[in-house]
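Sequence lines, in order, name chains P and G. Note that the UniProt record's numbering has the first sequence beginning at 1, numbered continuously upward. Note that the UniProt record's numbering has the second sequence beginning at 1, numbered continuously upward. Ideal Cβ positions, reconstructed from N, Cα and C, are used throughout, including at glycine.
2 protein chains.
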Amino acid sequence: MLLTGTVVVDSATVIDEGAVVVDGTTIETVGERDELLDRYPDHERRDFDIVAPGLVGSHIHSVQSLGRGIADDTELLDWLFDHILPMEGSMGADEMRTAATLGYLELIESGTTTCIDHLSVSHADQAFEAAGEVGIRALMGKVLMDQASPEPLEEDTEEALAESEELIRQYHGAFGDRVRYAVTPRFAVTCSEECLRGARELADRYDGVRIHTHASENLGEIETVETETGMRNVHWLDEVGLTGEDVVLAHCVHTDETERDVLAETGTHVTHCPSSNMKLASGVAPVLDYLDRGINVALGNDGPPCNNTLDPFTEMRQASLLQKVSQLESTALPAATAFEMATVNGAEAAGFEQLGKLKPGWKADVIGLRTDTSRATPVHDVLSHLVFATHGDDVAFTMVDGEVLLDDGEVVGVDVEAVREQAQTYAEQYS
Amino acid sequence: MLLTGTVVVDSATVIDEGAVVVDGTTIETVGERDELLDRYPDHERRDFDIVAPGLVGSHIHSVQSLGRGIADDTELLDWLFDHILPMEGSMGADEMRTAATLGYLELIESGTTTCIDHLSVSHADQAFEAAGEVGIRALMGKVLMDQASPEPLEEDTEEALAESEELIRQYHGAFGDRVRYAVTPRFAVTCSEECLRGARELADRYDGVRIHTHASENLGEIETVETETGMRNVHWLDEVGLTGEDVVLAHCVHTDETERDVLAETGTHVTHCPSSNMKLASGVAPVLDYLDRGINVALGNDGPPCNNTLDPFTEMRQASLLQKVSQLESTALPAATAFEMATVNGAEAAGFEQLGKLKPGWKADVIGLRTDTSRATPVHDVLSHLVFATHGDDVAFTMVDGEVLLDDGEVVGVDVEAVREQAQTYAEQYS
């Protein structure tokens, strides 16, 4: 297939009248449109205004999709314990499948081709199947909670780890290696030391399996961990093995200098979720400091109940705007950096190789945008335009691993209407 | 015309299966869908998921639309003096007409039915004509700059005020009273005392003419004013007559207690522009304190070069999220308040009576939204959904004064393609 448009190869390279040629699951070549049209006259063709690498949502809760808007404007602890966890705890296999499918549909419809997905305690297999059906690339895992958790969610430590291992055997590397496994403790507060150390041991037993958890999102959380362990949260995670190049920590809003040193020294990945941090009043993560230290910072939308969108363009824009206003510096976190966070940095966090740029030999995860709207006119700088002016509705085409998942704005191979109707019906039981 | 859907009457009242009946330029009745369908069987009908009051953009720069993306990620003073003001200064009548038209198109396409528009020094008549052509409701005026301004923009005080008066005679109350005049000094830094006092005198001579200016947006501005006048900015504006129930001050990010007292005592309106304040690193306006004091706070997108969208839903969401994170309080500025800021508070600032709610006898400024998308599924609370999940692309229908401006997502009566092409061509001269 041959895709034409202004081609954003990466944050530093744009081809004004370019084209991308895809062969199988990878990009064959990228270059000038006219030259490639001459060279590949028989290739099936799609024309766009902008062609870009698929975006990476590096901290997502697809299975919370039925709770979009369930608890807006509420106190954080009420939000979690009165709304979100009860919803997760009450969801059966069908609800989980519908929620995950809806989440993946929203992601591919708005330009996310890879996600790092934090599932729930039960029915994680439903989300793996949904990812396989929709075709998204994902690093994902069943959630571990073995202490201080509401009744239906708290599990026996050994059983939870054993179920995780079953899922690894079944799904790690599944669907043409589009789906990989991350052992996923919810956060230190709801996981015993045995659980956290067990997560590390389990991840180490399987090549390519990673670890994904929440860390230092809010002040109450880090106080609880410090009270129980005598350590700051990141030090505790480091102590039990949950730092390193295969670990993704979502949020990291509240860290001190010594914790940042640990993150940098261990090569731990951080996912910044600006809209969620704003809506839940968590605070402003020290993203610029992390980047200065060489820490890999990716971007995530978090879940629909705390955002309330999975649009990755909204998050790029928000990441830049939030750093500018909090630093009182209008040059802070420019478009190129936001774009890197949402592409190559996300790919690095997720552990997928040759992903996040439109380069020959790299994975054919590509999006095509149409920007023939008043709100996207005029275009001065296309990279800046992607970050500050366009959004998910401009995405007309989404390809993962060379497979077209969204074509001319329509999802391929999934009955989207049926999923939406089912989601609305299921959602009416939550409040 | 009869519009059906979940009807958001105002921030406190929602009719789940409702309808709005429009007669001429006003709303005739609002109620249950089935009852109104029985009562008005022959009315032309439109069906939506949500029917809501048209939104009010209370601080807009439509004529900066050609500069969308012109100077992202730059220092504030470079942004203004190296990019925005030179662009405005170089624009001829045709560029001004195209820019304003593009701005009004973007506004009506994304659900804004009324704007308070800050034009430029020259060719203001072109924007008035554009507003008349597109059909938007607007309070707007030529900009006054008579000191400390770049060459092509600085004008003789008397001549500038005389031209303003000409425009008042020509356009105040024009287009069926959809368009009204606001005398528009740019800000205290670029306006002499004579100019500011002249603005007040001019506004007082014409019934319904208001005053619109920028105030206390950034620290450099208020330092300059204090150095030159010996007063804090709002005190200076009060001294020269630029406070009161007919005055709209955009931004008010940096005010002290005594200035807030003045704003409250004089009934001066404040327009909050959260995305702009974030992108230009201006700071976080004390919106909650203003509201606590009874100050009327409206919402605005500011201009495309500092946002980069005129989508009013983005601004409602941003207003809520920015207060939550800056106050570290997730209940701060809830959806209902954001919605009031973008509707009735904006109408009050603009001075249009019976505007901003869907009530019998009120102005027929109405929008219809379709939300049959993955990203807008499910819906729990419709008001909260409007603020946190929907955006301008969901707007399928826009009516101002009973006239349909956008129908089934298509602008009525304007060659939108031609405007966009012209805008892109003109825009290429700016950088």
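List in chain order: all unbroken beta strand (DSSP E) runs of 3+ residues lying wholly within the stretch 357 to 406 of chain P. 366 to 369, 395 to 400
Under 8 Å, with one C-beta from each stretch per pair, do the stretch 174 to 192 of chain P and the stretch 138 to 148 of chain P reach the 3-pair mark? yes
Residue 242(P) in three-state terms, based on DSSP: coil
In this structure, how does DSSP classify residue 181(P) when only helix, strand and coil are distinguished? strand
Give me the DSSP bridge partner(s) of residue 144(G). 185(G)
If the cut is a Cβ gap below 9 Å, which residues of chain P does residue 68(G) touch? 375, 376, 377, 378, 379, 380, 385, 388, 389
Alpha carbon of residue 327(G) to alpha carbon of residue 289(G), nearest angstrom: 11 Å
Would you check if the distance between the CB atom of residue 3(G) and the CB atom of residue 51(G) is smaller than 7 Å? yes
Please report the distance separating the alpha-carbon of residue 339(G) from that of residue 11(G). 6 Å
In the DSSP assignment, find the alpha helix (DSSP H) that holds residue 20(P) and state where it starts and stops. That residue, residue 20(P), is in no alpha helix (DSSP H); its beta strand (DSSP E) goes 13 to 23.
List, in chain order, every chain P residue whose beta-carbon is nearer than 9 Å to that of residue 331(G). 73, 74, 75, 281
CA nearest to the CA of residue 117(G), picked from 264(G), 213(G), 22(G): 213(G)
Which residues, taken in chain order from the stretch 114 to 136 of chain P, show a beta carbon closer than 9 Å to some beta carbon of chain G? none
Let me know the secondary structure DSSP gives residue 289(G) once reduced to three states. helix
Residues in the stretch 334 to 368 of chain G having any Cβ partner in chain P nearer than 8 Å: 334, 335
Kindly indicate the opening and closing residues of the beta strand (DSSP E) around residue 205(G). Here residue 205(G) belongs to no beta strand (DSSP E); instead the alpha helix (DSSP H) covers 193 to 205.
Any beta carbon from chain P within less than 7 Å of residue 99(G)'s own beta carbon? no
Against residue 278(P), what residues of chain G qualify as contacts under a CB-to-CB distance less than 8 Å, listed in chain order? 321, 322, 324, 325
Using a beta-carbon distance cut-off of less than 8 Å, what residues from the stretch 389 to 410 of chain G approach chain P? 389, 391, 392, 393
What residue does the beta strand (DSSP E) around residue 53(G) start on, and which one ends it? 45 to 53
Report the residue from 285(G), 247(G), 191(G), 99(G) whose alpha carbon sits nearest the alpha carbon of residue 422(G). 99(G)
Taking only beta-carbon positions, decide if residue 147(G) is within less than 7 Å of chain P. no
Between which two residues does the beta strand (DSSP E) carrying residue 32(P) extend? 26 to 32
Can you tell me which of 358(P), 32(P), 276(P) puts its alpha carbon nearest to the alpha carbon of residue 329(G)? 276(P)
Have a look at the DSSP bridge pairing and note the partners of residue 342(G). Answer is none; residue 342(G) lacks a bridge partner.
Per DSSP, which one or two residues make a beta bridge with residue 297(P)? 270(P)
Looking at chain P, which residues of the stretch 281 to 296 of chain G have a Cβ within less than 8 Å of any of its Cβ atoms? 281, 282, 283, 284
One or two residues paired with residue 411(G) in a DSSP bridge: 406(G)
Along chain G, in chain order, which residues have C-beta atoms closer than 9 Å to that of residue 109(P)? 373, 374, 375
Unbroken beta strand (DSSP E) run spanning residue 250(G), endpoints: 247 to 251
Chain P residues whose Cβ lies nearer than 9 Å to that of residue 427(G): 377, 378, 379, 380
Can you name the residues of chain P whose CB is closer than 7 Å to the CB of residue 34(G)? What residue 34(G) touches in chain P: nothing, since even the nearest Cβ is about 21 Å away.
Quick one: does residue 218(P) have its CB under 7 Å from some CB of chain G? no
Should residue 280(G) and residue 306(G) be called a contact, given that it needs their Cβ atoms to be closer than 7 Å? yes
Does the beta carbon of residue 420(P) sit closer than 7 Å to a beta carbon anywhere in chain G? yes
Chain P residues whose Cβ lies nearer than 7 Å to that of residue 309(G): 375, 389
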